[in-house]
Structures are given as C-alpha cells and as structure tokens.
Amino acid sequence: MKFKKSHIFLIALISLFMLLGMSAVSAAADGDNIAQDMSIDDISASEDIDNIENDIIDADVLSDEGDGNTEPTNPDEPGTGENGDETGTPTAILSSNETYSFGSNITFDANVTAGGEPISVSAENLKVSYTKAGEDNYTDMNFTLNNESKIIFKFLPQKTLPIGDYIVKIQFLNSTIEGVYYTESETNVTLNITKSDTTINASDVKVSLGNDIIIPLTIKLESNKTLNVNAKNITVVYIIDEENIWEFNVTNGTGGNNVSKNIKLINANFTEVGNYSIVIVFKGTDNCNPSNATITLSILANNTIKVNDTVKVNNSNKTVTIPFSVINTQIVNVTDPETQENTTELKVTNLTVTKDDLKLIISYDNGTENITEEIENFEFTDEDGNYSITFTPELEFNTDFYKVNLTIVYKEGDLSETNKTIGLEAFAEIYIVPVLNETEYQFGEFKFMLVDGNGQPLANCNVTLSGFTFFSFSSSGGVSLTTSKVLTSDEEGYIVFNDTFMHNDVMIGLSNMISSNFTALPAGTYNATFAAKGFFALDNKTEITVNKIEAKIIASNLVDEYGKVIKYVFQLVKADTNEVIKAANVQFVINASNIDAVRNGTTNLTGWYTSPDLNLTAGTYNLTLKSIDSNLICSAVKKTLTLKQRKAVLTASNRTIYYNSGYSAIVKLTDKKTGKAVANAYVMITVYTTSKKYTNFLGKTNKNGKIYLSTPLAVGKHKITFTCVDNNYNASSITRYLTVKKASGKFTAKKVTTYYRSGKNFQIKLTNTKNSKAIYYGNVNIKVYISKNKYYNLTGATDGNGIVKLKINYKPGTYKVVVSSADKGYTAKSITRQIKVTKAPIKMAPTTLKVKKGKYFKVKVTSSKSKKVLSSVKIKVKVYTGKKFKTYTIKTNKKGIASLKIKQKVGKHKVVLTPASTKYYTGKKVTKTIKVTK
Numbered sequence: 014m015k016f017k018k019s020h021i022f023l024i025a026l027i028s029l030f031m032l033l034g035m036s037a038v039s040a041a042a043d044g045d046n047i048a049q050d051m052s053i054d055d056i057s058a059s060e061d062i063d064n065i066e067n068d069i070i071d072a073d074v075l076s077d078e079g080d081g082n083t084e085p086t087n088p089d090e091p092g093t094g095e096n097g098d099e100t101g102t103p104t105a106i107l108s109s110n111e112t113y114s115f116g117s118n119i120t121f122d123a124n125v126t127a128g129g130e131p132i133s134v135s136a137e138n139l140k141v142s143y144t145k146a147g148e149d150n151y152t153d154m155n156f157t158l159n160n161e162s163k164i165i166f167k168f169l170p171q172k173t174l175p176i177g178d179y180i181v182k183i184q185f186l187n188s189t190i191e192g193v194y195y196t197e198s199e200t201n202v203t204l205n206i207t208k209s210d211t212t213i214n215a216s217d218v219k220v221s222l223g224n225d226i227i228i229p230l231t232i233k234l235e236s237n238k239t240l241n242v243n244a245k246n247i248t249v250v251y252i253i254d255e256e257n258i259w260e261f262n263v264t265n266g267t268g269g270n271n272v273s274k275n276i277k278l279i280n281a282n283f284t285e286v287g288n289y290s291i292v293i294v295f296k297g298t299d300n301c302n303p304s305n306a307t308i309t310l311s312i313l314a315n316n317t318i319k320v321n322d323t324v325k326v327n328n329s330n331k332t333v334t335i336p337f338s339v340i341n342t343q344i345v346n347v348t349d350p351e352t353q354e355n356t357t358e359l360k361v362t363n364l365t366v367t368k369d370d371l372k373l374i375i376s377y378d379n380g381t382e383n384i385t386e387e388i389e390n391f392e393f394t395d396e397d398g399n400y401s402i403t404f405t406p407e408l409e410f411n412t413d414f415y416k417v418n419l420t421i422v423y424k425e426g427d428l429s430e431t432n433k434t435i436g437l438e439a440f441a442e443i444y445i446v447p448v449l450n451e452t453e454y455q456f457g458e459f460k461f462m463l464v465d466g467n468g469q470p471l472a473n474c475n476v477t478l479s480g481f482t483f484f485s486f487s488s489s490g491g492v493s494l495t496t497s498k499v500l501t502s503d504e505e506g507y508i509v510f511n512d513t514f515m516h517n518d519v520m521i522g523l524s525n526m527i528s529s530n531f532t533a534l535p536a537g538t539y540n541a542t543f544a545a546k547g548f549f550a551l552d553n554k555t556e557i558t559v560n561k562i563e564a565k566i567i568a569s570n571l572v573d574e575y576g577k578v579i580k581y582v583f584q585l586v587k588a589d590t591n592e593v594i595k596a597a598n599v600q601f602v603i604n605a606s607n608i609d610a611v612r613n614g615t616t617n618l619t620g621w622y623t624s625p626d627l628n629l630t631a632g633t634y635n636l637t638l639k640s641i642d643s644n645l646i647c648s649a650v651k652k653t654l655t656l657k658q659r660k661a662v663l664t665a666s667n668r669t670i671y672y673n674s675g676y677s678a679i680v681k682l683t684d685k686k687t688g689k690a691v692a693n694a695y696v697m698i699t700v701y702t703t704s705k706k707y708t709n710f711l712g713k714t715n716k717n718g719k720i721y722l723s724t725p726l727a728v729g730k731h732k733i734t735f736t737c738v739d740n741n742y743n744a745s746s747i748t749r750y751l752t753v754k755k756a757s758g759k760f761t762a763k764k765v766t767t768y769y770r771s772g773k774n775f776q777i778k779l780t781n782t783k784n785s786k787a788i789y790y791g792n793v794n795i796k797v798y799i800s801k802n803k804y805y806n807l808t809g810a811t812d813g814n815g816i817v818k819l820k821i822n823y824k825p826g827t828y829k830v831v832v833s834s835a836d837k838g839y840t841a842k843s844i845t846r847q848i849k850v851t852k853a854p855i856k857m858a859p860t861t862l863k864v865k866k867g868k869y870f871k872v873k874v875t876s877s878k879s880k881k882v883l884s885s886v887k888i889k890v891k892v893y894t895g896k897k898f899k900t901y902t903i904k905t906n907k908k909g910i911a912s913l914k915i916k917q918k919v920g921k922h923k924v925v926l927t928p929a930s931t932k933y934y935t936g937k938k939v940t941k942t943i944k945v946t947k
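When the letters of the sequence shown are read in order and numbered with the working numbering, they come out as residues 14 to 947.
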C-alpha cells in the first residue's frame with residue numbers, strides 16, 4: 014500500500030528507532046495487542062498461531078552449565094514438610110537474588126548447610142514456590158537440581174515468566190539423609206525478569222516478478238531462543254523517496270498469523286525487475302524490545318527453465334543429454350485499435366541462451382554427507398534455438414546409489430537469474446533369458462536367467478512378475494491375492510517359479526482357493542511381464558506355456574452291505590509318476606435299473622474324489638469315473654459297486670380271534686445282526702381260505718418293523734405264510750395259523766331327522782359284545798319302510814371300523830328302519846330306528862337385474878341350510894308388463910342356475926320367483942324389478 018505523506022517519510026527517516034521503541038507501548042493499548050508474553054521456541058513453530066496471548070517456551074530447551082545428569086545422594090526418607098523431632102539437626106539455605114532477561118533459563122543457588130557444613134540433598138528434599146512481589150499467593154514450581162546445587166526452573170511446555178519482580182521461596186523439608194535427621198528451613202530471594210533485546214535474523218531474497226514474496230526470518234532473544242511472533246507485530250517498509258513509502262502487512266507463507274519462520278508480504282505490487290532495500294520492523298512486546306533489519310529484495314525477471322523433471326542416465330556410458338529452453342513470461346497491456354479497449358494478455362518469449370549463461374550443479378547424498386559439486390565440463394548445443402547440454406557424471410552408480418539432483422542455473426547473479434532442479438536417475442539395462450519357459454500343469458517349474466548388458470548373470474536381483482493373479486494364505490487363515498510377484502535371482506542369476514497358486518482369471522482362481530485351498534495356471538500360452546525397479550531397467554514380455562499332463566484314475570470295485578451310508582472314492586494321479594493331482598474336475602456316473610445319476614466334483618489336496626452319500630438299495634451298479642478337466646488327458650474307468658442284502662428275521666405267532674373282530678395277522682421284521690426293527694420293508698402275507706385257495710397281501714413294515722393285517726375270514730382255521738420280498742433284506746419264510754370264532758354282535762344307530770337332499774347318512778355300527786371291538790366287513794340287512802307293508806330291502810357290509818352308512822335320499826316323510834344280521838359269522842339282535850325327512854328350504858336370487866332383450870335372465874338356487882347350489886330344482890317365474898304377466902317354469906342346471914330367455918319389450922318389469930312345487934321344497938317368494946335393455 015502506498016503513502017504519499019512527507020511527515021511519514023521524515024519520521025521514518027529521522028526517528029525510526031524512536032518509533033520502534035514506542036511501538037511496544039502503543040501495542041499494549043491496542044485492542045488487538047498480544048497480552049503480556051510472546052512465544053519462544055528454539056525449534057521453530059510449525060503450527061499457525063492466530064492469537065498469541067502468552068510467552069511460550071519449550072521446557073526441554075531450558076538448560077544450564079553442567080551436564081545436569083549427576084544423581085545426588087538419595088535421602089533415607091524423602092522430605093515430608095512435617096514437624097520432626099525437636100532434637101533434629103538444624104539446617105540453613107544459602108541462596109542469592111537473581112536478575113534475568115525475559116526467556117532466559119532461570120536458576121538459583123540452593124546450598125543447604127547444617128552447622129555451617131554443606132549437606133548433600135536432592136530435589137525431593139526441596140520445595141520451591143514463587144509469587145509476584147507485594148503479593149502472598151505462592152505457586153509451586155516444578156524444578157530440577159543439578160550437580161552444582163543449582164535450582165533450575167522447569168516450566169510447563171512452552172511457558173516462561175513475564176517481566177516483573179518476584180519473590181521465590183526455597184524450602185528444605187524435614188528429611189533423614191544418610192541416617193541423620195535434618196529439620197526444616199527456608200529462605201526468600203528476589204527474582205527480577207527484565208525485557209529482552211531482540212535480533213531479526215533475515216537474509217536477502219530473490220523472487221521472480223509476479224510471484225509471492227516470502228522472506229525467511231527468525232527473531233532471537235538475548236538467550237538466543239527463537240520467539241514465536243504474531244503477524245501484527247511485524248511491519249515491512251520500502252522507502253522510495255521522501256514522498257513515497259510503501260508499508261506492507263504480512264502473514265506467514267501459508268496465510269496464517271504465526272510468522273516465526275517466515276513472512277509473506279501482502280499486496281506487494283513490484284512491477285519492475287530490480288533490487289529493493291526493505292526494512293523489516295519488529296514492534297516489540299511488553300516482554301521484548303523492538304528491533305529491525307534491512308535486506309535486499311531482488312525482483313527477478315519471470316524466466317523459467319523448461320526441462321523434464323527427471324532424466325534417465327544409462328549406466329553403460331553415463332553420458333546424458335538434456336534438451337531445455339528458457340522462456341520469459343509477462344502480462345502486457347493491449348489496446349484494441351478499433352474499440353480502444355484495454356486488456357491484458359500473457360506474452361511468452363523464448364530467450365537466447367549461451368553456454369556462458371549456464372551453471373550446472375550436481376548434488377547428492379553419498380551415505381555420510383550431502384555433496385554439492387559444480388559441473389564445469391559440459392557441452393552446449395544450439396540448433397536453431399533448440400538448446401541442450403551434454404555431460405558425463407563422474408559417479409559410480411549402483412543399486413543403493415542411482416539418484417542425484419541436477420540444478421541448472423541461468424544467468425547467476427543477474428536480474429534475469431532463474432534455476433531449475435531436476436532428478437537424474439541412473440539405470441543399468443538387464444535382460445531376461447528363457448531357460449525353461451514350458452512346464453507341465455501343476456508340475457515342473459519355469460526358469461529364467463537375469464543377465465546384464467554384457468551377458469553376465471546377475472545374482473540377488475529383484476524382478477516383478479505380472480500378468481497374472483497370485484494367491485496366498487493370510488495369517489488369519491483367509492486368502493490374499495496380488496497382481497504381481499517379486500522374484501529374486503539366486504547366486505547364479507536364475508529366477509525360478511512354478512505354475513501353482515497363480516491364475517489368469519482372478520475370479521476362477523479365487524473360487525478355487527476358497528473351495529479347494531489350491532489353484533494353478535491352466536494349460537495354455539501366456540504373456541508373462543517381467544519388470545525391475547530402482548537401478549535396474551527391465552520391461553520384458555515373454556511367452557510361457559503350461560502343457561496338459563497325462564493322468565490316470567486309481568479305483569477299485571466296491572462290495573458292501575445294504576443299510577450303510579456309502580461313499581465311493583477314487584484318486585487322480587499323474588500317469589508317469591503317480592503324483593497326486595489337486596483340485597482337478599472329475600465326474601462320477603452311476604447307472605442301474607433304478608438310478609441314473611451324474612455327479613461332478615473336484616479332487617482334494619491328496620488327489621482323492623469322494624462321492625456324496627449314496628443311499629442305494631441292494632444290487633449291483635455300474636460306475637463310470639472320468640476326468641473332465643481341460644488341463645488333463647485321462648481315460649475313463651469302469652467299475653462296479655455292489656450292495657448285498659442284509660440278513661433279517663421274520664417273527665409271528667399263531668392267533669385266535671372272533672369273526673372279523675381283530676387283526677388276522679401280525680408280523681415283525683428285525684435285523685439279524687443288530688436285532689433292531691426294520692422299517693419300510695416289504696413282506697408278502699399269504700392267507701389260505703381253503704387248503705388250495707389263498708389271497709396274497711403285500712405289506713410294508715412301520716417304524717417298529719411291524720405289519721398289521723385285517724381281512725374277513727370265515728369261521729374256522731386258516732394257514733398264513735410270511736415271506737420277505739424286500740430287495741434289500743433276506744429272511745426265511747415262516748408259517749403260522751389263525752383260528753376264527755363266531756362273534757356275538759350288537760347294532761347301534763341313532764334316529765335321524767334331516768331335510769330333502771341334505772346328503773346326510775343313516776349310520777349303523779356293529780361291535781363285538783365280547784371284546785367291544787368293531788366287527789369289520791360284516792354283512793348287515795337294512796329294511797326301510799315307505800308304508801306299513803312296503804319297504805326297501807338293502808344289504809351292506811361294515812367298513813374297517815364296523816360302520817355301514819345308508820345315504821338318505823328319500824322324499825319328505827317319516828320312515829321306519831329295521832337293522833338285522835345278514836352274516837353267518839356273527840349273531841346280533843335286530844333294532845328298529847326312524848328317519849324323518851322334511852322339505853328342503855331353498856333360496857332364490859337373480860344373478861343380475863339388468864338383461865338385454867333376447868338374452869337370459871338367470872336365477873341362482875342354493876340350500877338355505879348348506880349354502881350349496883341345487884340342481885334340477887324347478888322355479889316358477891312371473892314376468893309382469895304393467896299389470897299383466899306371463900308365467901314360466903325353469904329348472905336349475907348342475908351349477909344351480911335356472912335361465913329364462915327374455916322376450917319382453919325394453920323397459921322395467923316386475924319379476925316374482927316361487928318354487929314350482931312345494932312337495933319337496935319350500936322358499937320365500939322373491940319379488941324384483943328387472944330392466945330390459947336393447
């Protein structure tokens with residue numbers, strides 16, 4: 014910012030230091046002043062400090078003469094400060110008043126004596142506190158005690174005392190030292206903290222035109238500690254003449270207020286190249302005196318060296334050629350000749366360069382120190398303004414040392430000066446020579462040799478193989494994958510790797526690893542990419558080939574017994590060596606009359622395939638074992654699996670039952686080896702009705718191994734044979750006898766009242782009076798009287814529960830029913846019961862009240878009781894036209910719908926629905942109005 018005020022110039026010129034001295038006072042009155050203290054930091058602050066309110070000092074930088082590491086004699090008992098034995102030895106503390114400038118290390122003598130003789134004490138025997146002079150509010154102070162009995166104040170990190178007068182109280186606490194008890198003593202000394210003078214450390218800077226002006230600087234105290242400074246306490250002045258003074262506010266290089274390391278000038282609009290003398294003013298604080306420093310600011314032409322940031326150096330000859338150019342960039346004002354409007358544009362000019370304009374500096378770290386050397390022997394080439402420099406670094410590059418920096422300086426010491434630092438990276442070309450670039454799937458290895466440019470093998474050299482996915486197991490047991498693998502050559506220069514745990518398809522490889530803990534590169538030809546990093550240069554794509562292998566299946570016929578969970582296993586191996594083949598795809602085929610199954614699977618890490626559980630019935634099965642892996646050449650193998658029948662035992666007893674009142678036969682099948690019941694097995698039961706006539710019954714055992722047979726047999730003795738016919742079991746047949754005795758029966762039935770076409774049954778039960786069991790398949794005579802002398806004569810047989818049902822399908826009325834025996838196998842007293850049938854209540858409802866002329870008016874008829882539709886029910890329909898009507902009779906179909914074709918004229922018509930006959934049905938009259946439309 015410019016100020017054209019002569020009095021400012023005079024003040025600045027004549028009384029600059031008076032202003033600097035007053036600035037601390039004026040700052041104290043400013044609302045934005047820094048309160049009381051400034052920050053001190055020997056290690057320059059890295060964080061931004063927007064508002065510094067306290068002097069901050071790093072406790073670690075506080076030190077005093079002497080190494081401070083001597084350990085004094087430890088007391089037998091640490092000081093307590095409590096009143097001790099009055100007979101203890103009195104003590105005294107010898108110390109002196111001290112004056113220090115702000116920020117200095119604060120120390121006090123602390124010589125403790127007893128009887129005029131010094132005693133050895135440690136910090137644990139002492140207590141130190143301080144207060145401002147005139148106050149009585151003491152604050153305990155952390156401190157250390159060095160080997161010269163000097164107390165060193167130890168402040169909290171980055172804290173120190175501001176200027177002023179203080180009272181320091183030093184106390185010796187009651188303590189036992191080397192077996193002697195010493196009593197408490199204390200002394201007060203004064204501490205005066207004075208303002209510290211300051212020094213600005215700043216150097217001349219060079220900045221290209223238009224760039225930010227950043228000036229490195231530190232402000233040192235008398236103690237040589239670095240002060241943390243707020244930007245408000247720094248002013249930068251450039252004096253042009255007595256009427257032109259530029260004053261700049263500042264921030265740090267990143268725009269913050271902590272300017273302890275550097276300052277950045279705000280709005281510094283230097284528009285011309287030149288050297289400028291500027292004054293940096295530190296205004297001071299309550300604790301620090303002001304200071305100033307003058308430096309030279311060189312505004313250089315905005316020149317730039319255009320060159321690649323990194324240049325490769327071939328170690329075979331080390332000669333490097335670097336093309337470059339130097340350009341000047343300016344923003345110039347341009348006036349449009351037509352509109353006279355002023356604009357700016359960027360003007361770039363290629364500068365002329367000579368060898369004398371250049372200086373080359375090479376710098377590097379040789380492992381022990383940083384080396385900087387000027388390269389004086391270089392060639393300069395100018396081909397029509399295209400410049401290059403060529404030189405040979407006199408350096409021995411290797412794998413640990415192959416990167417150096419080159420700084421190209423243009424017109425050093427001139428206002429056109431600029432420079433650019435680039436990296437030089439040396440490299441040695443190496444080559445990969447195939448030794449074995451073909452291998453067998455899962456077996457063998459690939460082998461290559463690494464050689465240098467002279468064909469000599471390179472030992473212990475790392476190269477990276479890529480183009481595939483590589484798999485491994487993590488420490489947690491999971492699968493890890495990478496897209497490259499580092500290989501190291503051996504002492505003879507060979508690198509070796511096999512085709513396992515790598516794959517060309519990441520998803521297939523990962524799936525294999527998860528399912529089988531193994532994967533391998535499939536048969537085929539691939540591009541393997543080898544690369545090297547660092548000093549060695551290698552970028553090579555080489556074909557590698559994985560060949561299919563001859564394989565064979567090792568398997569045998571399997572014979573076992575039904576009832577076991579069977580698994581069939583076979584092994585896949587390399588044909589010539591019998592080495593196991595892992596994670597290979599195989600197929601297991603089983604064929605028989607009752608099964609035809611194909612199972613695909615994978616061999617495990619020992620080459621075995623295990624089939625799923627085979628729950629097969631007894632018999633012989635043909636097996637076909639195949640490899641379906643595209644990486645193998647393998648013939649299918651035929652084998653058999655035979656399951657023999659298990660031996661079983663049939664058990665049954667001779668039985669005596671009443672006629673059709675119990676089980677005709679009970680048989681049990683058990684396993685001969687285990688004695689356990691055999692479930693779900695088939696047994697043939699042959700029941701003889703005469704010596705030659707018989708009936709076969711096929712039964713299946715229940716979970717208890719039993720079959721229960723009920724079949725009607727005449728009174729008498731019957732032979733029964735039991736034969737196991739199950740495919741899975743072999744048991745000897747047995748013969749037993751059943752004796753059937755005539756039964757004494759009893760009929761039970763209830764009176765039934767129902768409505769016409771209800772679908773209800775008249776039910777009769779026949780039971781054995783001896784054992785209360787139902788008599789099954791017993792013939793029963795039923796007479797249903799429709800008048801006094803007329804009846805329906807019916808015969809039926811009871812079911813397995815001794816029940817016979819008569820469907821009630823009679824017209825409304827009351828019927829007598831007489832039930833009696835019709836079977837020689839049992840006797841029973843006849844019974845008389847009643848069936849009453851009433852008229853069926855029905856419901857009539859039109860399906861719609863809107864009908865087109867010539868279409869059908871439909872009525873749905875349902876049972877009022879069961880809600881079911883009724884078929885073959887006649888309905889009388891009266892259709893009115895005014896007061897006149899026509900009567901129609903319609904009948905329901907199987908869906909309960911009766912239809913009437915409407916021939917009446919368009920309009921509204923009353924419709925009355927009633928049952929056509931009240932002999933069988935009863936229903937409420939239904940009156941509706943229908944609308945006939947066109």
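All C-beta atoms, glycine included, are put in the ideal place defined by N, C-alpha and C.
Small disclaimer: the values here were computed from a predicted structure and weren't measured.
In whole angstroms, give me the CA-to-CA distance for I820 and L751.
Translated into positions along the sequence shown, residue 820 becomes position 807. Translated into positions along the sequence shown, residue 751 becomes position 738. A small fix is needed here, since residue 820 is Lys in this sequence, not Ile. Those two C-alpha atoms are separated by around 36 Å.
Tell whether a beta-carbon distance below 9 Å holds between T935 and A841.
Taking the sequence shown and counting its residues from 1, the one referred to as residue 935 is at position 922. Taking the sequence shown and counting its residues from 1, the one referred to as residue 841 is at position 828. No, they are not a contact pair.
From Y195, T495, L494, P470, residue whose alpha carbon lies closest to that of T501:
On the sequence shown, position 488 is the one that residue 501 refers to. Of Y195, T495, L494, P470, the residue nearest in Cα terms is P470.
DSSP state of V125, grouped into three classes?
Along the sequence shown, one-based indexing puts residue 125 at 112. DSSP places V125 in strand when its eight states are reduced to three.
Within its chain, find whatever has a CB closer than 6 Å to the CB of A550; leave out the 5 residues flanking it on each side and keep chain order.
Mapped onto the sequence shown, residue 550 falls at position 537. Within the same chain, Cβ atoms closer than 6 Å to the Cβ of A550 are found at F440, E442, the five residues on either side in sequence being excluded.
Straight-line CA distance for N781 to S834?
The count along the sequence shown starts at 1 and reaches residue 781 at position 768. The count along the sequence shown starts at 1 and reaches residue 834 at position 821. Whole-angstrom Cα-Cα distance: 13 Å.
Pair within 9 Å by beta-carbon distance, N300 and D210:
Numbered from 1 along the sequence shown, position 287 holds the residue referred to as residue 300. Numbered from 1 along the sequence shown, position 197 holds the residue referred to as residue 210. No. Outside cutoff.
Smallest Cα separation from N265: which of K907, W259, N243?
Here residue 265 is taken as the residue at index 252 of the sequence shown, counted from 1. Distances from the CA of N265 to each of K907, W259, N243 were compared; the closest alpha carbon is that of N243.
Taking 9 Å as the threshold (C-beta atoms), are F185 and T120 in contact?
Here residue 120 corresponds to residue number 107 of the sequence shown, with the count starting at 1. Here residue 185 corresponds to residue number 172 of the sequence shown, with the count starting at 1. Not closer than 9 Å, so no.
Boundaries (first-last residue) of the alpha helix (DSSP H) holding I521:
Taking the first residue of the sequence shown as 1, we reach residue 521 at position 508. In this chain, the alpha helix (DSSP H) harbouring I521 covers 519-529.
Could you check whether the stretch 723-741 touches the stretch 640-647, counting it as contact only if at least three pairs of C-beta atoms, one from each stretch, sit closer than 8 Å?
Cβ pair count under 8 Å is below three, so no.
Residues in the same chain with beta-carbon distance under 8 Å from T902, minus the five sequence neighbours each way, listed in chain order, please.
One-based indexing of the sequence shown puts residue 902 at position 889. K887, I888, K889, V890, A929, listed in sequence order.
Is the Cβ-Cβ distance between A564 and A597 less than 9 Å?
For the purposes of this step, residue 564 is taken as the residue at position 551 of the sequence shown. For the purposes of this step, residue 597 is taken as the residue at position 584 of the sequence shown. Contact: yes.
Here's a check: name, in chain order, each residue in its chain whose Cβ is nearer than 8 Å to the Cβ of K580, leaving out the five neighbours to either side.
The residue given as residue 580 occupies position 567 in the sequence shown. If you ignore the 5 residues before and after K580, its C-beta comes within less than 8 Å of the C-beta of T623, S624, P625, D626, L627, all in its own chain and listed in chain order.
DSSP bridge partner residues for R846 (one or two, in chain order):
Residue numbering aside, residue 846 sits at position 833 when the sequence shown is read from its first letter. The bridge partners DSSP lists for R846 are V830.
Tell me, please, which residues DSSP counts as bridged to L627.
Walking along the sequence shown from the start, residue 627 turns up at place 614. Paired residues: I579.
Comparing C-alpha positions only, which one of Q847, V882, N717 sits nearest to N857?
Taking the first residue of the sequence shown as 1, we reach residue 857 at position 844. Correcting the residue type first, residue 857 is Met in the shown sequence and not Asn. That would be V882, whose Cα lies nearest to the Cα of M857.
Closest to E574 by C-alpha separation, out of F583, V559, L654, S529, would be which residue?
Working through the sequence shown from its first residue, we reach residue 574 at position 561. Scanning F583, V559, L654, S529 for the CA closest to the CA of E574 turns up L654.
For K907, which of V924, V872, H922, T734 has the nearest alpha-carbon?
Within the sequence shown, numbered from 1, the residue matching residue 907 stands at position 894. The shortest Cα separation from K907 among V924, V872, H922, T734 belongs to V872.
Classification of M1000 by the beta-carbon crowding that lies within 10 angstroms, buried from 16 upward:
Since the first residue shown for the chain is 14 and the last is 947, residue 1000 is missing from the structure and cannot be characterised.
Since M526 and V559 should fall inside the 8 Å C-beta cutoff, what is the C-beta to C-beta distance between them, to a whole number of angstroms?
As a first step, residue 526 must be located in the sequence shown, where it is residue number 513. As a first step, residue 559 must be located in the sequence shown, where it is residue number 546. A Cβ-Cβ distance of about 18 Å is found for the pair M526 and V559, leaving them out of contact under the 8 Å criterion.
So, are the CB atoms of T348 and V361 less than 9 Å apart?
Position 335 of the sequence shown, counted from the start, is the residue given in the question as residue 348. Position 348 of the sequence shown, counted from the start, is the residue given in the question as residue 361. Taking a C-beta distance under 9 Å as the contact criterion, T348 and V361 do not qualify as a contact pair.
Check whether the stretch 208-222 touches the stretch 320-335, counting contact only when three or more Cβ pairs, one atom from each stretch, lie closer than 8 Å.
No, because fewer than three Cβ pairs between the stretch 208-222 and the stretch 320-335 fall closer than 8 Å, the two stretches do not touch.
Coil, strand or helix - K368 by DSSP
Against the sequence shown, residue 368 aligns to sequence position 355. K368 carries a helical assignment under DSSP once its states are collapsed to helix, strand and coil.
Under a Cβ-count criterion, where at least 16 other Cβ atoms within 10 Å of its own Cβ denotes burial, should E197 be classed as buried or exposed?
Sequence index remark: in the sequence shown, residue 197 carries index 184 (1-based). Classification of E197: buried, given that the 10 Å Cβ count is 16 or more.
Within the continuous beta strand (DSSP E) that includes N709, where are the two ends?
As a position in the sequence shown, residue 709 is number 696, starting the count at 1. Counting along the chain, the beta strand (DSSP E) containing N709 begins and ends at 707-713.
Cβ separation of V294 and N305, assumed to be a contact under 8 Å, to the nearest whole Å:
Counted from its first residue, the sequence shown places residue 294 at position 281. Counted from its first residue, the sequence shown places residue 305 at position 292. In this structure V294 is in contact with N305, their Cβ atoms being roughly 5 Å apart against a cut-off of 8 Å.
Taking the DSSP output, what are the residues bridged to V202?
Translated into the one-based positions of the sequence shown, residue 202 becomes position 189. Answer is V181, bridged to V202.
Taking the alpha-carbon of S757 as reference, which of K786, T152, I567 has the nearest alpha-carbon?
As a working mapping, residue 757 is identified with position 744 in the sequence shown. For the options K786, T152, I567, the alpha carbon positioned closest to that of S757 is the one of K786.
First through last residue of the beta strand (DSSP E) which encompasses E451
In the sequence shown, residue 451 corresponds to position 438, counting from 1. From DSSP, the beta strand (DSSP E) with E451 extends over 451-453.
Please state whether DSSP places A136 in a helix, a strand or coil.
On the sequence shown, position 123 is the one that residue 136 refers to. A136 falls in the helix class under three-state DSSP.
Just grab the DSSP bridge partners of K921 for me.
The sequence position of residue 921 within the sequence shown is 908, counting from 1. Note: K921 sits in a beta bridge opposite K944.
Would P859 count as contacting chain B if we go by Cβ distances under 9 Å?
Annotation note: the requested chain B is absent from the structure, which comprises a single protein chain.
Only counting the same chain, and skipping five residues up and downstream in sequence, which positions put a Cβ closer than 6 Å to that of N613?
Numbered from its first residue, the sequence shown carries residue 613 at position 600. Q600.
For F486, count neighbouring Cβ atoms within 10 angstroms of its own Cβ and tell me buried if that reaches 16, exposed if not.
Counting from one through the sequence shown, the residue named residue 486 turns up at place 473. F486 should be labelled exposed.
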